[in-house]
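In this note's numbering, the protein residues as written are 92 to 419.
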Ligand SMILES: Cc1cc2nc3c(=O)[nH]c(=O)nc-3n(C[C@H](O)[C@H](O)[C@H](O)COP(=O)(O)OP(=O)(O)OC[C@H]3O[C@@H](n4cnc5c(N)ncnc54)[C@H](O)[C@@H]3O)c2cc1C
């Protein structure tokens, strides 16, 4: 079914798109956001809703879930069309310079400009090659920590050595009965400060350890772990296992859109324009010399992208200088 034409469509509804929706609304553009997950918020909502974020300007510390709520509140000052549970598959240029976005739900979304904010892409959790492990999924074995409260009083085993593993261990430590973290290497791939915090916490950290087997009938009751240096095996009674092995991003969809890509990222100019006229990109999905993948940098990029999209639609408009008085 064909929807109404809008000025700007954000592909992907992460934090960068949410700020972009607000910014575009403020300069009078009509907008739409299409998100493949069932809720907006991107990595913050899907991967680390309970984690504290310390590096967003104006927020000395904010829970990821609360930051998403604040962004939604900010953007809700303006009306916009939200399509969740739909993945954009095709970007089709029209003879008049506009685009039609086609989605998995057979949606057809006409738009004057596009801002690609697909972040890490449509991601799926990396699974463990452990025979029989999948039968415990949802029965004590999971890939994310959507709600901390569910783990209160539980014995938790976290597997992994990246930011997610370390952050979840720190978040669960105050409320779980016990938290054990195993990592197959001798060093973490996480923020140094968080690792220091972890090592001085009560979390039982075991380096050079891997998961060998999961025990249980209806639910997980124990994990068999082993030291990959010595081969020594240990049986850990646990209630919950969190496999924080990362996500496999799927950016293959973008490849068919005719965008200039470098590895898995879209190459943008300083105004966030891509090689396709009227198509801009911002946030984790873009690359340029010096790119840093942070929420704060994405916010700046999307404001630039909106301003450029607005000039594309109406080349006569003035570029905003420094005010948010809505009198541009
Ligand atoms: C564990 C962890 C901790 C982090 N901590 C911090 C921190 O403390 N501070 C900080 O600044 N940054 C942090 N980051 C990075 C931060 O989360 C990202 O920089 C930020 O989420 C990027 O936002 P985005 O909107 O560009 O993309 P994303 O958050 O990745 O959102 C993109 C959205 O697009 C959707 N999508 C993808 N493809 C399609 C498609 N074809 N159609 C429709 N929808 C699609 C995805 O489902 C997703 O919801 C952390 C990241 C992780 C993993």
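Glycine is no exception: its CB is placed at the ideal position from the N, C-alpha and C atoms.
What residue range is occupied by the uninterrupted alpha helix (DSSP H) comprising residue 110?
-> Along the chain shown, read from residue 1 onward, the residue named residue 110 stands at position 19. Start and end: 106-117.
Cross-strand partners of residue 363 (DSSP beta bridge) = The count along the chain shown starts at 1 and reaches residue 363 at position 272. Looking at the DSSP assignment, residue 363 forms no beta bridge with any residue, so it has no partner.
Can you tell me the Cβ-Cβ gap for residue 260 and residue 270, rounded? I've got them flagged as a contact below 8 Å.
-> Taking the first residue of the chain shown as position 1, residue 260 is located at position 169. Taking the first residue of the chain shown as position 1, residue 270 is located at position 179. 5 Å between Cβ atoms; contact.
Would the segment 209-222 and the segment 341-358 be scored as touching if the rule is three or more Cβ pairs under 8 Å?
-> Because the criterion of three Cβ pairs below 8 Å is met, the segment 209-222 and the segment 341-358 touch.
Using a Cβ-Cβ cut-off of 6 Å (strictly less than) and excluding sequence neighbours within five positions of residue 216, which residues of its own chain qualify?
-> The residue given as residue 216 occupies position 125 in the chain shown. Cβ neighbours of residue 216 beyond the five flanking positions: 234, 338.
Assuming residue 357 and residue 124 form a contact by the criterion Cβ under 8 Å, report the distance between their Cβ atoms to the nearest whole angstrom.
-> Against the chain shown, residue 357 aligns to sequence position 266. Against the chain shown, residue 124 aligns to sequence position 33. Contact annotation, residue 357 with residue 124: C-beta distance approximately 18 Å; criterion of less than 8 Å not satisfied.
Quickly, what does DSSP pair residue 304 with across the bridge? List them, please.
-> To locate residue 304, count along the chain shown from 1; it is residue 213. BP columns for residue 304 point to 315.
Under the criterion of a Cβ to heavy atom distance below 7 Å, does residue 106 qualify as lining ligand 3?
-> Absent from the structure shown: ligand 3. Ligands present: ligand 1.
Going by beta carbon distance, what residues of the same chain come within less than 6 Å of residue 379, once the five residues before and after it are set aside?
-> Position 288 of the chain shown holds residue 379. Residues of the same chain with a CB within less than 6 Å of the CB of residue 379, apart from the 5 flanking positions on each side, are 359 in chain order.
Residue of 180, 302, 193, 292 minimising C-alpha distance to residue 273 | For the purposes of this step, residue 273 is identified with residue 182 of the chain shown, where counting begins at 1. The shortest Cα separation from residue 273 among 180, 302, 193, 292 belongs to 302.
With distances taken between CB atoms, is the gap from residue 108 to residue 198 smaller than 8 Å?
-> What you label residue 108 is simply residue 17 of the chain shown in a count that begins at 1. What you label residue 198 is simply residue 107 of the chain shown in a count that begins at 1. Cβ distance not < 8 Å, so residue 108 and residue 198 don't count as in contact.
CA-to-CA distance, residue 387 to residue 418, given in whole angstroms = In the chain shown, residue 418 corresponds to position 327, counting from 1. In the chain shown, residue 387 corresponds to position 296, counting from 1. Caution applies to residue 418, whose pLDDT of 48 falls short of 50 and renders its modelled position unreliable; the value that the coordinates give is listed next. Cα to Cα, the separation comes out at about 25 Å.
From residue 382 to residue 277, what distance separates their C-alpha atoms?
-> Translated into positions along the chain shown, residue 382 becomes position 291. Translated into positions along the chain shown, residue 277 becomes position 186. Distance between the alpha carbons of residue 382 and residue 277 is about 29 Å.
Residue from 334, 336, 335, 311 with nearest C-alpha to residue 326 = Position 235 of the chain shown, counted from the start, is the residue given in the question as residue 326. Ranking the options by Cα distance to residue 326, first place goes to 311.
State the Cα-Cα distance for the pair residue 293 and residue 201, rounded to the nearest angstrom.
-> If you number the chain shown from 1, residue 293 lands on position 202. If you number the chain shown from 1, residue 201 lands on position 110. Straight-line measurement puts the Cα of residue 201 at about 54 Å from the Cα of residue 293.
Can you tell me where the beta strand (DSSP E) with residue 271 in it begins and where it stops?
-> Position 180 of the chain shown holds residue 271. Note, residue 271: beta strand (DSSP E), 269-274.
If we call anything under 8 Å between Cβ atoms a contact, is residue 132 one with residue 148?
-> Along the chain shown, read from residue 1 onward, the residue named residue 132 stands at position 41. Along the chain shown, read from residue 1 onward, the residue named residue 148 stands at position 57. Residue 148 sits away from residue 132, with the two beta carbons spaced by 8 Å or more.
One or two residues paired with residue 101 in a DSSP bridge | As a working note, residue 101 is residue 10 in the chain shown. Answer by DSSP bridge pairing, in chain order: 124, 206.
CB of residue 372 within 8 Å of CB of residue 204, strictly | Position 281 of the chain shown holds residue 372. Position 113 of the chain shown holds residue 204. Result no, Cβ atoms of residue 372 and residue 204 do not sit closer than 8 Å.
With C-beta atoms as the reference, is residue 121 less than 8 Å away from residue 157?
-> Along the chain shown, one-based indexing puts residue 121 at 30. Along the chain shown, one-based indexing puts residue 157 at 66. No.
Taking residue 372 as part of the alpha helix (DSSP H), name the residues at either end of that continuous run.
-> Counting from one through the chain shown, the residue named residue 372 turns up at place 281. In the DSSP assignment, residue 372 falls outside any alpha helix (DSSP H) and lies within the beta strand (DSSP E) extending over 370-372.
Residue range of the unbroken alpha helix (DSSP H) whose run includes residue 160 = Counting from 1 along the chain shown, the entry for residue 160 is found at position 69. Here the alpha helix (DSSP H) through residue 160 covers 155-166.
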